[in-house]
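Report on one structure; see the data block that follows.
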Ligand SMILES: Nc1ncnc2c1ncn2[C@@H]1O[C@H](COP(=O)(O)OP(=O)(O)O)[C@@H](O)[C@H]1O
Ligand SMILES: [Mg+2]
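Residue numbers (this note's numbering), protein chains in the order written: chain F, 4 to 289; chain H, 18 to 665.
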């Protein structure tokens with residue numbers, strides 16, 4: 004296992020989620036980001052990035068926007084290299100608070116190399132960090148003020164406060180990092196609809212520790228092994244209550260398999276409420 | 018200001034135009050097909066915030082589903098599963114609206130983006146351009162009903178200048194029988210017209226042809242109305258009462274004693290009067306009935322000769338045994354008989370320029386008229402007619418032809434309308450405007466079929482009546498079956514519940530599918546209105562007429578049974594003098610021939626003298642029998658083969 008250890012069972016196994024699906028999630032949180040090159044100074048890119056996050060809360064089966072969505076527009080500039088061509092004052096006057104430096108020195112004082120592609124990647128990464136920040140800011144606000152179950156698209160470990168809140172349920176749809184290998188991975192990939200893996204404890208670098216498990220939302224018969232598979236995250240809690248709570252949250256998520264989030268291509272894993280949040284941001288951030 | 022109800026949306030694929038726009042609303046908004054809305058633009062044009070007014074003509078709803086298949090998949094193929102879905106799909110309510118008006122009207126631009134709200138009563142007045150004719154100093158508005166939306170009621174007015182002329186005129190109503198409330202709508206319209214016709218425009222009366230059962234037989238009797246109806250009368254300022262001044266006219270039955278109408282109950286006879294015409298009146302309109310037969314130029318010439326030289330004059334000729342003064346059909350028959358036997362005696366085939374065959378044919382045709390129109394055409398020359406020259410303001414004259422034979426109906430239409438026209442032209446009718454109501458228009462002015470005199474006449478009113486103050490209110494089930502120029506000239510068109518097949522005819526293609534659906538499901542008391550000031554058709558509600566329905570009337574006032582001659586005569590005379598008794602009538606008519614009794618009765622009715630009893634009695638003293646009268650016409654219709662020109 005990678006950065007993970009069993010929290011429920013000594014060795015990972017498949018568990019049938021007990022009980023019937025019940026909808027209990029009160030809100031859905033997601034963020035979006037978009038970036039585009041708006042110009043070059045010499046060989047160096049200026050990137051315009053928009054990041055946004057929203058909570059769609061559910062009342063009587065209808066979704067509506069909670070509080071104010073967060074939207075941020077920035078211009079990402081490799082300042083260290085650009086200043087050779089443009090006066091800092093001019094840049095600051097033109098961009099004001101939108102100016103964001105992508106060449107701030109790391110702890111060891113190093114700055115990224117003057118490679119246009121690399122700098123472009125840095126900018127995209129910066130936009131995505133900003134998006135995550137907005138998401139977490141909203142999530143913290145919800146957990147502090149409402150405290151009701153909220154589904155968050157992605158992990159919850161990036162914020163200490165959210166990672167420790169019992170109302171936050173993180174749902175990870177992409178499996179670039181698999182928290183199982185060998186026999187354990189085989190068990191995860193063989194999960195049937197309504198089954199989950201044992202709960203494990205995960206603590207990736209730079210993130211807070213959370214509890215996590217895999218859950219199969221839909222029948223993957225005849226599909227690829229990741230079809231309908233999500234990884235769930237919740238806050239750390241005492242060992243005795245883990246199984247029951249993991250089943251409870253799994254029931255909530257299984258209840259969200261209707262309506263379909265189609266035509267989003269990830270509809271096998273994506274909750275309709277999350278799609279609604281994305282659609283909202285797509286429609287409102289332009 | 019009302020709260021915004023929706024927002025205008027336009028995309029490249031569905032852009033706004035100057036005549037159409039789209040908007041979306043909340044799922045639970047009170048918008049529907051026919052709702053009138055106001056758009057407030059955001060950007061000033063020439064320093065003015067533009068407003069547009071529109072009427073909803075189509076509605077759309079859809080969700081974020083790209084294909085129905087996803088919904089099937091999502092429910093695992095089981096519709097019952099939908100109850101478990103914790104979230105409802107996002108759903109759009111999108112409406113398209115047709116523009117009624119832009120303010121300012123220039124420059125004419127596409128409808129701006131902006132907030133959409135329900136039109137208030139003031140907005141409705143602007144949207145329909147009613148502000149132009151509802152001014153305090155010049156109000157020509159005739160309320161036609163209420164437009165209702167979102168709990169708001171707005172009175173809708175027609176412009177009298179466009180309803181009764183001279184700008185435009187005429188009204189036509191169409192829709193299925195029994196549900197479209199056509200007859201009711203016309204009754205209501207006459208009431209509101211009488212209540213609101215502006216004094217400055219002069220006087221107005223109505224002539225209604227009752228063509229079907231008891232439809233219009235009780236216009237002076239009250240109806241049982243509901244509270245909602247009364248409230249509407251109150252709101253629209255129309256007295257909730259039956260017509261105050263109604264007079265009924267009906268021909269006699271074949272017995273020439275009782276009137277041929279369903280309004281024959283003795284309690285109601287006070288304002289029912291016989292409609293009888295003599296030879297002179299009929300000959301003037303002979304062409305109405307003769308043009309269908311094979312009457313050629315030769316026959317025409319003889320009829321003209323009779324009209325000009327024989328009718329109502331001393332007439333002598335060497336072929337004739339005696340002098341004639343022809344005043345009635347009976348006299349005319351005597352004249353023909355004398356003439357034909359004279360020619361026979363002489364063995365002559367010709368008289369003046371006329372061939373004996375033509376003479377026989379004309380005699381046959383004319384005597385046919387008196388047979389076919391028995392009860393309307395008197396043999397004795399007495400005429401009882403509408404009060405030409407003495408029409409009263411706000412009076413209704415009902416001519417009951419419902420039970421009359423087709424020929425008699427045609428003759429009545431032709432003569433009444435022609436007389437109206439003639440008197441309006443000379444401005445001596447007694448009123449300056451007359452509304453003529455004709456139901457079952459598809460029968461009298463059909464789209465196809467032979468040219469008839471009646472249709473020509475209806476066309477003439479439709480095309481020229483507005484200059485004379487002669488206005489046609491007409492109704493029919495299927496507008497598509499009526500002559501185009503008759504309905505086409507109706508400035509105002511009303512539509513009640515419509516039949517699907519009729520809606521599928523090309524005339525309705527301009528309406529949106531949703532509007533057609535609405536028309537096919539309109540409830541009683543709802544109408545779609547087209548009027549020259551309204552850019553688009555509008556839906557209104559109107560109250561039940563404040564007059565007794567025909568079928569209630571015949572129950573409440575059963576028809577008088579057929580009665581013996583003396584009782585029939587008494588019934589007619591009692592209208593004038595209720596003190597007369599059956600014994601008195603029996604004593605007066607004694608053993609006189611039917612013929613003489615009728616002559617006396619008709620003369621009395623025609624003159625309506627002060628002392629009816631004495632006048633009636635005096636008629637019998639005058640009787641000196643000259644020529645033997647022909648047998649009273651009792652023959653059923655068309656007993657003679659129509660295709661035999663020489664039949665007698
Ligand atoms: N405003 C109204 N609201 C509700 N019902 C009405 C209204 N006007 C008429 N009706 C009813 O509708 C029925 C049909 O009306 P009628 O005028 O005879 O229709 P049509 O002439 O189209 O056959 C009648 O029974 C009448 O009482
Ligand atoms: Mg009718």
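For every residue, glycine included, the Cβ atom is placed at its ideal position computed from N, Cα and C. These numbers come from a predicted model, not from an experiment.
Near ligand 2: residue i beta-carbon under 7 Å from a heavy atom
i: residue 200(H); result: yes
i: residue 456(H); result: yes
Where residue i falls, given that 16 or more other Cβ within 10 Å makes a residue buried
i: residue 643(H); result: Bear in mind that the predicted position of residue 643(H) carries a pLDDT of just 48, short of 50, making it unreliable; the figure below should be weighed with that in mind. Residue 643(H) comes out exposed.
i: residue 41(F); result: exposed
i: residue 387(H); result: buried
i: residue 519(H); result: buried
i: residue 348(H); result: buried
i: residue 242(F); result: exposed
i: residue 19(F); result: exposed
i: residue 401(H); result: buried
i: residue 422(H); result: buried
i: residue 22(F); result: exposed
i: residue 84(F); result: buried
i: residue 159(F); result: buried
Where residue i meets chain A, residues with beta-carbon distance less than 7 Å
i: residue 275(F); result: The question asks about chain A, but that chain is absent: this structure's protein chains are F and H.
Within chain F, the residues that residue i reaches when beta carbons sit closer than 8 Å
i: residue 107(H); result: 66, 279 and 282
i: residue 40(H); result: Residues of chain F passing the Cβ test: none, with the nearest at roughly 17 Å.
i: residue 87(H); result: 263, 265, 266 and 270
Pick from the options that is closest to residue i, judged by C-alpha positions
i: residue 221(H); options: 347(H), 184(H), 486(H) and 137(H); result: 486(H)
i: residue 259(H); options: 563(H), 170(H) and 608(H); result: 563(H)
i: residue 76(H); options: 70(H), 50(H) and 466(H); result: 50(H)
i: residue 176(F); options: 219(F), 188(F) and 30(F); result: 219(F)
i: residue 554(H); options: 576(H), 522(H), 529(H) and 542(H); result: 529(H)
i: residue 53(H); options: 139(H), 463(H) and 409(H); result: 139(H)
i: residue 68(H); options: 134(H), 191(H) and 108(H); result: 134(H)
i: residue 143(H); options: 506(H), 121(H) and 155(H); result: 121(H)
i: residue 455(H); options: 179(H), 233(H) and 336(H); result: 233(H)
i: residue 550(H); options: 430(H), 175(H), 340(H) and 137(H); result: 175(H)
i: residue 167(H); options: 458(H), 22(H), 263(H) and 32(H); result: 22(H)
i: residue 170(H); options: 141(H), 150(H), 154(H) and 189(H); result: 141(H)
i: residue 55(H); options: 72(H), 83(H) and 190(H); result: 72(H)
i: residue 13(F); options: 236(F), 204(F), 65(F) and 262(F); result: 204(F)
i: residue 103(F); options: 130(F), 88(F), 31(F) and 119(F); result: 130(F)
i: residue 52(F); options: 16(F), 146(F), 226(F) and 126(F); result: 126(F)
Ligand 1 heavy atom lying under 7 Å from the CB of residue i
i: residue 491(H); result: no
i: residue 561(H); result: yes
i: residue 230(H); result: no
i: residue 192(H); result: yes
i: residue 566(H); result: yes
i: residue 197(H); result: yes
i: residue 460(H); result: no
i: residue 570(H); result: no
i: residue 517(H); result: no
Under 7 Å from the C-beta of residue i: neighbouring residues of chain F
i: residue 90(H); result: 263
i: residue 98(H); result: 261
i: residue 101(H); result: 261
Residues that residue i contacts on chain F, provided the C-beta gap is smaller than 9 Å
i: residue 83(H); result: 265 and 266
Proximal chain H residues relative to residue i, where beta-carbon distance stays under 8 Å
i: residue 258(F); result: 101 and 103
i: residue 108(F); result: Per Cβ cutoff of 8 Å: no residues; residue 108(F) is ~46 Å from chain H at best.
i: residue 117(F); result: What residue 117(F) touches in chain H: nothing, since even the nearest Cβ is about 43 Å away.
Per-residue contacts from residue i into chain H (C-beta, under 7 Å)
i: residue 207(F); result: Within chain H, no residue comes near residue 207(F); the closest Cβ sits about 31 Å away, beyond 7 Å.
i: residue 72(F); result: Within chain H, no residue comes near residue 72(F); the closest Cβ sits about 16 Å away, beyond 7 Å.
i: residue 152(F); result: Simply none; closest approach about 12 Å.
Closer than 9 Å at the beta carbon, the chain H residues around residue i
i: residue 204(F); result: Chain H residues near residue 204(F): none, gap ~30 Å exceeds 9 Å.
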